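S.K.: Structure provided below as structure tokens; questions to follow.
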Amino acid sequence: MFRIIKKSLKTGVVTGHHPDVNVPHEPVSREAIEKARPFRRSMTIREVDTGSCNACEMEMNALVNPIYDVERFGVHIAASPRHADALVVTGPVTVNMERALKDVYKATPDPKLVIALGDCAVHCGMFKGSYAVTGPVERHIPVDVRIPGCPPRPAEILAVLEALRKDPPDSAR
Amino acid sequence: MIDARPAVEQLRVAFTQAIIGVGSLHGIPILRLDKRDVPTVAHFIHTHPGLRGSLSLLWAVDHRPREARDELCYLFTLAARKDWLLLATDLPDGEREFSSITPTLHAAKWYEREVRDLFGLIPVGHPDMRRLVRHEHWPKGTHPLKKDFSWNRVLERVQGQYAFRKIQGEGVFEVPVGPIHAGIIEPGHFRFSVAGEPIMQLELRHFWKHRGVEKLFEQQQLTAAVPLSERVSGDTTVGHSLAYCQAVEILLGMEVPQRARYLRSLFLELERLHNHIGDVGAICNDTAYVLAHAHCGRMKEQLMQLNDRLAGSRFLRGVNCVGGVAVDVTDAQAAQVVTELDAIERDFTTIEKILFANASLTERLENTGILTERIAWDHAVVGVVGRASGMDRDIRRDRPFAAYGELQPQVPFYRYGDVRARMRVRLDEVHESIRLVREIRRRLPQGPLTVRPRREPVAGEWAISAVEGWRGEILYVVMAGELGRIHRCKVRDPSFVNWPAIQWAALGNIVPDFPLINKSFNLSYAGNDL
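Chains as they are written, first to last, in the numbering used here: chain A, 31 to 203; chain B, 4 to 533.
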């Protein structure tokens, strides 16, 4: 036990050691920011995969590693949609996952935010039109925020989460 | 490279009546059989002490519109020489039934159910005729890989109920989990039958993420489908695209330049490194050893950022192209990669020593989730999981591709088959990968990165290629169609083979240990569901 603590002390703080990215591709809408207002200080996310290739999930996982450490901004990942303030949906919605996605949406308490993460969730990406894919996420449930990219880098996801916490740039206050 | 002639001779003697024809394509011997004889010959290949073939792949091809027939192909890997041997049989127009080989070969179980779902061919005698890929709400008679099924058809929804296997008795109850389950993870359904804590039976139900990948391949040109292959399973970008490119290169008669071969090995090892280090961390996390997880997560991130600097993609997307590689690595970059890996190895070794000295960690890993050698063999398990259960197989060594013929990778393997063994395989492979990267840097030759195709693809010709991805053996069968298009592309991720085996590894363990067992297998859902 002491050895790993020693190792950790020697390693020091690594949080924030990631290259900057020039984002956002798509500015977060006013309505989304309004909707996210109750979650500014603490937002719990449930990740829902509806058919992605898993790269988007890996980047979501990377968000909780010590480099990005998304928890320092009050963002938590929950294991159940019942605990969630926001759903992050990745992947095109497959025929087999359509029902499950709607169930998860229903199980999430209001008010809730839906974030479509990655090209597949936004417009089905490479799987557009396939017999096994029923369309992008917004065909089934209302989407508030879109984060394009295949997959988006963790720093890009962080930037969008950051934008949700701020007042809109043209706000009067 | 391959010499299965003695085996073919042996089979010829044993089955003079059954064998219709003997051929070979790109060095793989093919035995053509009448469909009634397949189970006998397959059983012989599987059990004969001189052959000991394990079923590596089973796939079907709909040859329309050129020929009105369906073909079934069974690819065996012969244990002694690690050669391939292919059995092929035809189902002429309209015939839908074939004899199942599952009663004697466990490994064929999911393949035959898959063939039934996707082609509508019926494996007569199969012990489990439930649907696999097509969930119950798919209408009857929808077989997406038939040529008369349009790739963009909209499916309607019907009523249907999946029947899980039941165990009955006093105190036995079921724990259903999924498809959406804890953590940031892909969808899959697990059903545990438990009496108290220990698992009496685990049944998987997958294919929630079926996206129709194989059908999408058929809409593409041979040279244009690399981006699709990169998105079959996100964490195995290089492995899948490399396997796809190699198959197409055989069809186009391309000889990949030396430098490109070395760079392919380099990228494949970088992919293996970040995944293995991430997995070691994840296993620690599931035993509540969060500090070790944090350290591994930090090293993994360092590697992903290195990938980003090298190739402009954290997942090394776009490095492979048909005929070579699309990304060059300068001398300075190669030197920097080695310096960075040296630092990571020192870092990682410290963590490794701490892990091995930790008795409470070892206590959780030892004797948890044992996959015996016998079950691993019966299910033809591949990759890390196989090597932890006494299957000494690694495509990099057994049938070298890219630059592995010259690099001579060392293959670690253990016999315990528990979570600890799977973790140790990963730890050993991390060191081996770093050694290989150093070796690649030392030998990296100068020269061109790509070649141009030497010939046009011949419609109906096909090629198989295998790549040892970080998870295990990835197989691609690509068949050319008219005008340079793809007629059929069979993709097999190692997950497809290893998922059924996890049902056996979980038996007798307590439910709270299942996440740990699952993590030590770390199989892909996307690559499995396609």
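For each residue, glycine too, the CB sits at the ideal point set by N, CA and C.
These figures come from a predicted structure and were not determined experimentally.
When the cut-off is 9 angstroms and only beta carbons count, does B:Gly24 lie next to chain A?
M.R.: For B:Gly24, the answer is no, since every Cβ of chain A falls outside 9 angstroms of its Cβ.
S.K.: Of all the residues that make up the region 490–518 of chain B, which are near chain A by a beta-carbon distance shorter than 9 angstroms?
M.R.: none
S.K.: In terms of residue numbering, what span does the alpha helix (DSSP H) encompassing B:Asp120 cover?
M.R.: Note, B:Asp120: alpha helix (DSSP H), Lys112 to Phe122.
S.K.: Indicate whether at least one CB of chain A lies closer than 9 angstroms to the CB of B:Pro179.
M.R.: no
S.K.: Quick one: list the residues of chain A neighbouring B:Ile187, beta-carbon separation under 7 angstroms, in chain order.
M.R.: Glu77, Glu87, Met90, Asn91 and Ile107
S.K.: Less than 8 angstroms between C-beta atoms, sequence neighbours within five positions excluded: which residues of the same chain meet that for B:Ala17?
M.R.: Phe47
S.K.: Are the beta-carbon atoms of A:Val167 and A:Ala151 separated by less than 9 angstroms?
M.R.: Yes, they are a contact pair.
S.K.: Rounded to the nearest angstrom, what separates A:Arg203 and A:Arg70 at their Cα positions?
M.R.: With a pLDDT of 48 at A:Arg203, under the threshold of 50, the modelled position of this residue cannot be trusted; read the value that follows with caution. In a straight line, the C-alpha of A:Arg203 is about 17 angstroms away from that of A:Arg70.
S.K.: Between which two residues does the beta strand (DSSP E) harbouring B:Asp350 extend?
M.R.: Looking at the DSSP string, B:Asp350 is not in any beta strand (DSSP E); the run it does join, the alpha helix (DSSP H), is Asp334 to Phe359.
S.K.: Helix, strand or coil for A:Ile97? Go by DSSP, reduced to three states.
M.R.: coil
S.K.: With a cut-off of 8 angstroms on the beta carbons, I'd call B:Lys493 and B:Glu217 a contact; round off their distance for me.
M.R.: Contact between B:Lys493 and B:Glu217 holds: their C-beta atoms lie close to 7 angstroms from each other, under 8 angstroms.
S.K.: May I ask you to report which of helix, strand or coil DSSP gives B:Lys218?
M.R.: Secondary structure of B:Lys218 (DSSP, three-state): helix.
S.K.: Which residues in the same chain have their Cβ closer than 8 angstroms to the Cβ of B:His140, if we skip the five residues on either side of it in sequence?
M.R.: Arg160, Val161, Gln162 and Gly163
S.K.: Could you confirm whether any beta carbon from chain B is found closer than 9 angstroms to the beta carbon of A:Pro181?
M.R.: yes
S.K.: Please work out which residues of its chain come closer than 8 angstroms, Cβ to Cβ, to B:Leu158, disregarding the five sequence neighbours upstream and downstream, and give them in chain order.
M.R.: Trp141, Pro142 and Thr145
S.K.: Give a yes or no on whether 9 angstroms exceeds the smallest Cβ distance from A:Met127 to chain B.
M.R.: yes
S.K.: Since B:Phe210 meets chain A, which of its residues come closer than 8 angstroms, beta carbon to beta carbon?
M.R.: Asn126
S.K.: Identify which residue in B:Arg317, B:Asn310, B:Thr352 and B:Phe351 has its Cα closest to the Cα of B:Gln336.
M.R.: B:Asn310
S.K.: Decide if A:Pro68 is buried, meaning its Cβ has at least 16 other Cβ atoms within 10 Å, or exposed.
M.R.: Flag for A:Pro68 reads exposed.
S.K.: In the region 136–166 of chain A, which residues sit with their C-beta less than 7 angstroms from some C-beta in chain B, listed in chain order?
M.R.: Met156, Phe157, Gly159, Ser160, Tyr161, Ala162 and Val163
S.K.: For B:Asp289, which residues from the same chain have a beta carbon less than 7 angstroms from its beta carbon, with the 5 sequence-adjacent residues on both sides left out?
M.R.: Excluding residues within five positions, the ones whose Cβ falls inside 7 angstroms are Pro518, Leu519 and Lys522.
S.K.: For B:Thr353 and chain A, any beta-carbon pair shorter than 9 angstroms?
M.R.: yes
S.K.: Am I right that B:Gly372 and B:Gly393 are in contact with their C-beta atoms under 8 angstroms? What's the rounded C-beta distance?
M.R.: Not confirmed; about 15 angstroms, so no contact.
S.K.: So, for B:Lys38: in the same chain, excluding its five sequence neighbours on each side, which residues have a beta-carbon less than 6 angstroms away from its beta-carbon?
M.R.: Thr92 and Phe101
S.K.: For a contact defined as C-beta to C-beta under 8 angstroms, what are the partners of A:Val100 on chain B?
M.R.: Simply none; closest approach about 12 angstroms.
S.K.: Identify the contact partners of A:Arg112 in chain B, using a Cβ-Cβ distance below 9 angstroms as the criterion.
M.R.: Within chain B, no residue comes near A:Arg112; the closest Cβ sits about 12 angstroms away, beyond 9 angstroms.
S.K.: In the DSSP output, which residue or residues are listed as bridge partners for B:Phe524?
M.R.: Partner(s): none; B:Phe524 has no beta bridge.
S.K.: Give me the residue from B:Gly327, B:His49 and B:Gly408 with the minimum Cα distance to B:Met257.
M.R.: B:Gly327
S.K.: Consult DSSP for B:Pro412 and reduce its assignment to one of helix, strand or coil.
M.R.: coil
S.K.: In the DSSP assignment, what are the bridge partners of A:Arg176?
M.R.: A:Ala146
S.K.: Let me confirm a value: B:Val127 is counted as buried when at least 16 other C-beta atoms fall within 10 Å, else exposed. Which label applies?
M.R.: Around the beta carbon of B:Val127, fewer than 16 other beta carbons lie within 10 angstroms, which makes this residue exposed.
S.K.: Specify whether the region 232–251 of chain B and the region 164–176 of chain B touch according to this definition: at least 3 beta carbon pairs, one from each stretch, less than 8 angstroms apart.
M.R.: no
S.K.: Can you give the beta carbon distance from A:Ile75 to A:His106, rounded, assuming they're within the 8 angstroms contact cut?
M.R.: 7 angstroms
S.K.: State the DSSP-derived secondary structure class of B:Glu459, mapped to helix, strand or coil.
M.R.: coil
S.K.: Who are the near neighbours of B:Gly181 in its chain, counting only those whose CB is closer than 7 angstroms to its CB and skipping five residues on each side?
M.R.: Pro190, Gly191, His192 and Phe193
S.K.: A:Ser38 and B:Lys212: beta carbons closer than 9 angstroms?
M.R.: no
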